[in-house]
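Enquirer: Residue numbers for the sequence shown follow our numbering, beginning at 9 and rising by one.
Where a beta carbon is used, it is the ideal one built from N, C-alpha and C, also for glycine.
One structure coming up, written as structure tokens, with questions to follow.
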Amino acid sequence: MRPIKIVGTGSYLPPKVLTNFDLEKLMDTSDEWITERTGIKERHIADPDTATSDLVVESTYKALENTGLELKDIDAMIVATASPDTIYPSTACWAQKKLKIPKIPVFDISAACSGFLYGLEIASSLVETGRYRNVLVCGAEIMSKIVNWSDRNTCVLFGDGAGSVIVSASEGDSGMLASYLGADGSLAELLYQPAGGTQMPASQETIDKKLHSVHMQGREIFKHAIRTMEDSAKRVLKEADLTIDDIALFIPHQANLRIVEATCERMCISMDKTYVVIHKYGNVPAASIPLTLDEANRTGRIKRGDNILFAGFGAGFTWGAMVLKW
Ligand code: ACO
9 MRPIKIVGTG
19 SYLPPKVLTN
29 FDLEKLMDTS
39 DEWITERTGI
49 KERHIADPDT
59 ATSDLVVEST
69 YKALENTGLE
79 LKDIDAMIVA
89 TASPDTIYPS
99 TACWAQKKLK
109 IPKIPVFDIS
119 AACSGFLYGL
129 EIASSLVETG
139 RYRNVLVCGA
149 EIMSKIVNWS
159 DRNTCVLFGD
169 GAGSVIVSAS
179 EGDSGMLASY
189 LGADGSLAEL
199 LYQPAGGTQM
209 PASQETIDKK
219 LHSVHMQGRE
229 IFKHAIRTME
239 DSAKRVLKEA
249 DLTIDDIALF
259 IPHQANLRIV
269 EATCERMCIS
279 MDKTYVVIHK
289 YGNVPAASIP
299 LTLDEANRTG
309 RIKRGDNILF
319 AGFGAGFTWG
329 AMVLKW
């Protein structure tokens, strides 16, 4: 077991809520279609003057309140996001400026919906070296600014929000029992934002063709997501020498309720053991797992000593799973 511990969690959702009924008034869609195909009923949407780093800041304050630690106790900060403030510098740098925590190392991870699990793995490794005491990992997204609001295939799926955790050394029984990460860049074009980088710099044409927004092949992603989350979760259970019965709570990435249900069915995990928030937040890529974890923590759904299973999947493709003894 790797001797690390999540000592605090926090999350933040922008106050504005956009329901399926609101979307019905904006495009050719229906609450019935969105609910049946995705499980989503509503999502939070950031104001035009809010940047992803603002959500990082708010969720970081909440995570600190939850621990009794102060900003000066954070030694490093990792932000996972698919909707950064700018291509560079990192969203972590913008958040660092707002939090006024100069000098410490801060950086972003680009692994879409798997970004939080990638960040947790790196934070755990930093803490294990003994050179860092408290590492903040935040998953934060403002997807509402990078979806194409005239494409009903994608825009109804996503939401905005952030979740943060603070990873510290564990002196007790808590720890990372097993972890696994993977990626397959050959599938990159199934889910991506085509323009704005060096492959296709911004031009009038890219703007006219709306190439600065999320492009995806939903059905292909759907199949890969179920198979890969199942495989990753089974791997870490095997590595930790545990069965589903030893797991108190399963927190999967939440892109679609049908993906979550199918993964649970294939793994024989009951939905009672699975914490679901997609109906009220939509798919909040890198923020999905930490947001859900924070809610489970604050509502008393997690107790010290519980084994928690995480599984994630996202653009890249990237994926991962972990078992944490809380
Ligand atoms: N309202 C009404 N009708 C719609 C909507 C909508 N919002 N969106 C699509 N439709 C229509 C389509 O046009 C299609 O109509 P057609 O048959 O006349 O062409 C019909 O509904 C069915 O479309 P499908 O693609 O077959 O629908 P499906 O059941 O596969 O659900 C969905 C689509 C929800 C996108 C699903 O495939 C999915 O969730 N895939 C995974 C997506 C995902 O997880 N993406 C993010 C990954 S996370 C990350 O890293 C960012």
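When you compare only the Cα positions, how much space is there between isoleucine 117 and threonine 27?
Expert: Taking the sequence shown and counting its residues from 1, one reaches residue 117 at position 109. Taking the sequence shown and counting its residues from 1, one reaches residue 27 at position 19. Cα-Cα distance, rounded: 30 Å.
Enquirer: Taking 6 Å as the cut-off, is the C-beta of threonine 46 nearer than that to any heavy atom in the ligand ACO?
Expert: By 1-based counting over the sequence shown, the position of residue 46 is 38. Within the cutoff, so yes.
Enquirer: For the ligand ACO, is there any heavy atom lying closer than 6 Å to the beta carbon of arginine 243?
Expert: The residue labelled residue 243 in the question sits at position 235 within the sequence shown. Result no, Cβ not under 6 Å from the ligand ACO.
Enquirer: Measuring only from the beta carbon, is alanine 270 closer than 6 Å to any heavy atom that is part of the ligand ACO?
Expert: Taking the sequence shown and counting its residues from 1, the one referred to as residue 270 is at position 262. Flag unset: Cβ of alanine 270 not near the ligand ACO.
Enquirer: Where in the stretch 217-282 do unbroken runs of the beta strand (DSSP E), each at least 3 residues long, occur, reported from the N-terminal end onward?
Expert: Runs found: 257-260.
Enquirer: How about the stretch 224-242 and the stretch 166-184: do they share at least three Cβ pairs that are nearer than 8 Å?
Expert: Verdict: no, contact absent.
Enquirer: In the DSSP output, which residue or residues are listed as bridge partners for glycine 190?
Expert: In the sequence shown, counting from the first residue as 1, residue 190 sits at position 182. BP columns for glycine 190 point to Trp327.
Enquirer: With distances taken between CB atoms, is the gap from histidine 220 to alanine 203 smaller than 7 Å?
Expert: What you label residue 220 is simply residue 212 of the sequence shown in a count that begins at 1. What you label residue 203 is simply residue 195 of the sequence shown in a count that begins at 1. Closer than 7 Å, so yes.
Enquirer: Flag this pair as yes or no: are the beta carbons of alanine 120 and alanine 323 separated by less than 7 Å?
Expert: The residue given as residue 120 occupies position 112 in the sequence shown. The residue given as residue 323 occupies position 315 in the sequence shown. For alanine 120 and alanine 323, yes; Cβs fall inside 7 Å.
Enquirer: In whole angstroms, what is the alpha-carbon distance linking valine 331 and leucine 317?
Expert: Residue numbering aside, residue 331 sits at position 323 when the sequence shown is read from its first letter. Residue numbering aside, residue 317 sits at position 309 when the sequence shown is read from its first letter. In a straight line, the C-alpha of valine 331 is about 5 Å away from that of leucine 317.
Enquirer: Cα separation between glutamate 136 and methionine 9?
Expert: Stepping through the sequence shown from its first residue, residue 136 is reached at position 128. Stepping through the sequence shown from its first residue, residue 9 is reached at position 1. Whole-angstrom Cα-Cα distance: 11 Å.
Enquirer: Glutamate 32: which of Lys49, Ser19, Ser67 sits nearest, CA to CA?
Expert: For the purposes of this step, residue 32 is taken as the residue at position 24 of the sequence shown. The option with the nearest alpha carbon to glutamate 32 is Lys49.
Enquirer: What residue range is occupied by the uninterrupted beta strand (DSSP E) comprising histidine 26?
Expert: Taking the first residue of the sequence shown as position 1, residue 26 is located at position 18. In the sequence as displayed, the identity of residue 26 is leucine instead of histidine. That run of the beta strand (DSSP E) goes 25-27.
Enquirer: Let me check one thing: in DSSP terms, what residues is glutamate 78 bridge-paired to?
Expert: Your numbering for residue 78 matches position 70 in the sequence shown. Partner(s): none; glutamate 78 has no beta bridge.
Enquirer: Classify glycine 313 as buried or exposed, calling it buried when 16 or more other Cβ atoms lie within 10 Å of its own Cβ.
Expert: Within the sequence shown, residue 313 is the residue found at index 305, counting from 1. Burial call: exposed.
Enquirer: Taking Cβ to Cβ, would you say glycine 169 is nearer than 7 Å to leucine 21?
Expert: As a first step, residue 169 must be located in the sequence shown, where it is residue number 161. As a first step, residue 21 must be located in the sequence shown, where it is residue number 13. Cβ atoms of glycine 169 and leucine 21: closer than 7 Å.
Enquirer: Which value, in whole angstroms, describes the spacing of the CA atoms of threonine 47 and arginine 266?
Expert: Here the question's residue 47 lines up with position 39 in the sequence shown. Here the question's residue 266 lines up with position 258 in the sequence shown. Looking at the sequence provided, one finds glycine at residue 47 rather than threonine. Distance between the alpha carbons of glycine 47 and arginine 266: 7 Å.
Enquirer: Where does glycine 193 land, buried or exposed, given buried means 16+ other C-beta within 10 angstroms?
Expert: For the purposes of this step, residue 193 is taken as the residue at position 185 of the sequence shown. It counts as exposed.
Enquirer: Are there any heavy atoms of the ligand ACO lying less than 6 Å away from the beta-carbon of asparagine 156, as far as the coordinates show?
Expert: For the purposes of this step, residue 156 is taken as residue 148 along the sequence shown, with counting starting at 1. No, Cβ of asparagine 156 sits at least 6 Å from all heavy atoms of the ligand ACO.
Enquirer: Using only the heavy atoms of the ligand ACO, determine whether one of them is closer than 6 Å to the beta carbon of tryptophan 327.
Expert: Translated into positions along the sequence shown, residue 327 becomes position 319. No - the ligand ACO has no heavy atom lying nearer than 6 Å to the Cβ of tryptophan 327.
Enquirer: May I ask you to report which of helix, strand or coil DSSP gives methionine 85?
Expert: Here residue 85 refers to the residue found at position 77 of the sequence shown. DSSP places methionine 85 in strand when its eight states are reduced to three.
Enquirer: Please report how far the alpha carbon of asparagine 161 lies from the alpha carbon of alanine 256, in whole angstroms.
Expert: In the sequence shown, residue 161 corresponds to position 153, counting from 1. In the sequence shown, residue 256 corresponds to position 248, counting from 1. Distance between the alpha carbons of asparagine 161 and alanine 256: 35 Å.
Enquirer: Classify isoleucine 95: buried if its beta carbon has 16 or more other beta carbons within 10 angstroms, exposed otherwise.
Expert: Mapped onto the sequence shown, residue 95 falls at position 87. Exposed, since its Cβ has fewer than 16 Cβ neighbours within 10 Å.
Enquirer: CB proline 298 to CB glycine 183, shorter than 7 Å?
Expert: Working through the sequence shown from its first residue, we reach residue 298 at position 290. Working through the sequence shown from its first residue, we reach residue 183 at position 175. No; because the gap between Cβ atoms is not below 7 Å, this pair is not in contact.
Enquirer: In chain order, what are the residue ranges of uninterrupted beta strand (DSSP E) at least 3 long that sit wholly in the stretch 92-155?
Expert: Counting whole runs of 3 or more residues, the stretch 92-155 contains the beta strand (DSSP E) stretches 114-117, 142-150.
Enquirer: Report yes if the CB atom of glutamate 238 is closer than 7 Å to the CB atom of methionine 275, and no otherwise.
Expert: Your numbering for residue 238 matches position 230 in the sequence shown. Your numbering for residue 275 matches position 267 in the sequence shown. Yes, the Cβ-Cβ distance between glutamate 238 and methionine 275 is below 7 Å.
Enquirer: Relative to the ligand ACO, is the shortest distance from any of its heavy atoms to the C-beta of phenylalanine 230 smaller than 6 Å?
Expert: Translated into positions along the sequence shown, residue 230 becomes position 222. Answer for phenylalanine 230: yes, Cβ within range of the ligand ACO.
Enquirer: Where does threonine 251 land, buried or exposed, given buried means 16+ other C-beta within 10 angstroms?
Expert: Within the sequence shown, the letter at position 243 stands for residue 251. Under this definition threonine 251 is an exposed residue.
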